[in-house]
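Peer 1:
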Amino acid sequence: MSQYYNTYFITATSAPVESYFSDLKRELTKALTPDRFVASHIKSIEGFMKICRSNQIQNMNTITPPSIGSPKQKVEKNDDCKLNTNVLTCIDDVVSDSYTYGSSSALSESDDNAQYENWKNLAYKPFHDDTKKTKTKRWIKYKESCQDIKRLLNKSGLRSTTQPLIINGNLCKPVKINKNKVIIYNTCPFDALLACVVVGYIEFNQYRECVNEVAKSYSFFNVCKEVANYRATDSIYEERGKILWEIFQQKNVIVDNIQSLHTECNVTYLSEKLLKIMPSVSEKHVCDSCNVTKSFNNVLVILEMEDRNNIKTHGFKKLQDAMKNYSNTKFDTCRTC
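For what it's worth, the working numbering labels the leading residue of the sequence shown as 1027, then goes sequentially.
(1) Tell me which residues share the same chain as Thr1294 and place their Cβ nearer than 8 Å to its Cβ, disregarding the 5 neighbours each side in the sequence.
(2) Where in the region 1283-1345 do unbroken runs of the alpha helix (DSSP H), each at least 4 residues long, occur, reported from the N-terminal end onward?
(3) In whole angstroms, what separates the C-alpha of Asn1336 from that of Ile1328?
(4) Whole angstroms are fine: how far does the CA of Gln1084 sit from the CA of Ser1131?
(5) Which whole-angstrom value describes the C-beta separation of Ile1210 and Gly1267, a residue pair presumed to lie in contact below a C-beta threshold of 8 Å?
(6) Roughly how many angstroms lie between the CA atoms of Val1120 and Tyr1046, to the nearest whole one?
(7) Under a three-way DSSP split, which group does Tyr1211 fall into?
(8) Does the region 1244-1263 touch the region 1312-1325, meaning 3 or more C-beta pairs lie closer than 8 Å?
(9) Starting from Lys1268, trace the alpha helix (DSSP H) both ways and give me its first and last residue.
(10) If you draw a straight line from the alpha carbon of Phe1063 to that of Leu1197, how long is it in whole angstroms?
(11) Can you find at least 3 beta carbon pairs, one from the region 1276-1293 and one from the region 1211-1220, that sit closer than 8 Å?
(12) Please report the Cβ distance between Asn1324 and Val1312, rounded to the nearest whole angstrom; I am assuming they are in contact, meaning their Cβ atoms lie under 8 Å.
(13) In its own chain, which residues sit with a C-beta less than 8 Å from the C-beta of Asn1351, not counting the 5 before and 5 after it?
(14) Cys1250: buried (16+ other C-beta within 10 angstroms of its C-beta) or exposed?
(15) Suppose contacts are defined by Cβ-Cβ distances below 7 Å. Is Glu1264 in contact with Val1208 by that definition?
(16) In terms of DSSP beta bridges, what is Phe1047 paired with?
(17) Since Val1237 sits in a beta bridge, which residues does DSSP pair it with?
(18) Which class does Phe1230 belong to by DSSP, given the choice of helix, strand or coil?
(19) What residue does the beta strand (DSSP E) around Asn1278 start on, and which one ends it?
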């Protein structure tokens, strides 16, 4: 087969194939899906076929000129000399006619050869008209997407579709308080209360009006209002640091101007500190003997054991009844009596 393919290998060998696959394995070091591997494989095969085809076209188009002065040719008669000269003139006429009448085909073949040899336009820069801007072609678009990749990307553990209202202090940069940089740790209770107030502010109109009135004089509700209307900015994180700086006393000095503040606590303790202006319910007690009424504004609602058992057995249908029983006036004897 060497005489047909013009190869310089006398015996059959698989070295070119093995080198081709070794180059392909070396280039594709990353993990690929089967469809992408097949696409790159087909693309590389197409490139090799173009190179082979360009060599074949170049070999076919090259015309070996006849050697007139070779020692093998022997001219015996004048007629033979005339015949040879006529043949040469015919060849010249044919070549000239082919270039004049078939110039377009010859130019197209030369353009094809130049296109194959000019790899990534590194040989020469082609002329582009500035008036006509070529559109960039999109990457290979497959007919059917890989379902396994979709299933993996849509997992909640790999991709998060929700954004937090406010970021925990462990992940934030230090805030500046009283010319000092303070690193605030474990702001989970504060963030939980802020999320509850923001949800109530967005969903209930009456609660929104109450928060708007209180936000003018109380910083915590002002922070909740800003987060609900806009988003958590750097000023919000500084205001959170100032609020927690006044409540907690566990401050540690790391360097001269850098301190740390640990805010680990129960949510009930922090709610009593932050929500005391807007209590959840008012509780009234009346003394039987002296008829003295005392009212208590409670931030937290602690139900009695009987009401808790009713909610466990009958569900949240009994929650409204339990709240009414909690807000009713209670008659008992005071401590002084």
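Glycine included, C-beta positions come from ideal geometry on N, C-alpha and C.
Quick caveat, the model's predicted, so the values are computed rather than measured.
Peer 2: From the atom records:
(1) As a first step, residue 1294 is located in the sequence shown; it is residue number 268 there, counting from the start. Result list for Thr1294: Leu1326, in chain order.
(2) 1293-1300 and 1331-1340
(3) Residue numbering aside, residue 1336 sits at position 310 when the sequence shown is read from its first letter. Residue numbering aside, residue 1328 sits at position 302 when the sequence shown is read from its first letter. Using only the alpha carbons, I get a separation of about 14 Å.
(4) One-based indexing of the sequence shown puts residue 1131 at position 105. One-based indexing of the sequence shown puts residue 1084 at position 58. Confidence at Ser1131 is low in this model, with a pLDDT of 47, below 50, so its placement is unreliable and no value can be given for it.
(5) The residue labelled residue 1210 in the question sits at position 184 within the sequence shown. The residue labelled residue 1267 in the question sits at position 241 within the sequence shown. Between Gly1267 and Ile1210 the Cβ distance is about 5 Å, and since that is below 8 Å, they are a contact.
(6) Taking the first residue of the sequence shown as position 1, residue 1120 is located at position 94. Taking the first residue of the sequence shown as position 1, residue 1046 is located at position 20. At Val1120 the pLDDT is 45, less than 50, meaning the model places this residue with poor confidence and gives no usable figure here.
(7) By one-based count along the sequence shown, residue 1211 stands at place 185. Note: Tyr1211 maps to strand in three-state DSSP.
(8) no
(9) The sequence position of residue 1268 within the sequence shown is 242, counting from 1. Here the alpha helix (DSSP H) through Lys1268 covers Asp1260 to Ile1273.
(10) Taking the sequence shown and counting its residues from 1, one reaches residue 1063 at position 37. Taking the sequence shown and counting its residues from 1, one reaches residue 1197 at position 171. Approximately 40 Å, taken between the alpha carbons.
(11) yes
(12) If you number the sequence shown from 1, residue 1324 lands on position 298. If you number the sequence shown from 1, residue 1312 lands on position 286. Contact flag wrong, Cβ pair sits at about 17 Å.
(13) Reading the sequence shown from its first residue, position 325 is the one you call residue 1351. Glu1330 and Asp1333, listed in sequence order.
(14) The residue given as residue 1250 occupies position 224 in the sequence shown. Under this definition Cys1250 is a buried residue.
(15) Here residue 1264 is taken as the residue at index 238 of the sequence shown, counted from 1. Here residue 1208 is taken as the residue at index 182 of the sequence shown, counted from 1. No.
(16) Counted from its first residue, the sequence shown places residue 1047 at position 21. Per DSSP, none; premise fails for Phe1047.
(17) Taking the first residue of the sequence shown as position 1, residue 1237 is located at position 211. Answer is none; Val1237 lacks a bridge partner.
(18) For the purposes of this step, residue 1230 is identified with residue 204 of the sequence shown, where counting begins at 1. DSSP places Phe1230 in coil when its eight states are reduced to three.
(19) Here the question's residue 1278 lines up with position 252 in the sequence shown. Lys1277 to Val1279 is the extent of the beta strand (DSSP E) around Asn1278.
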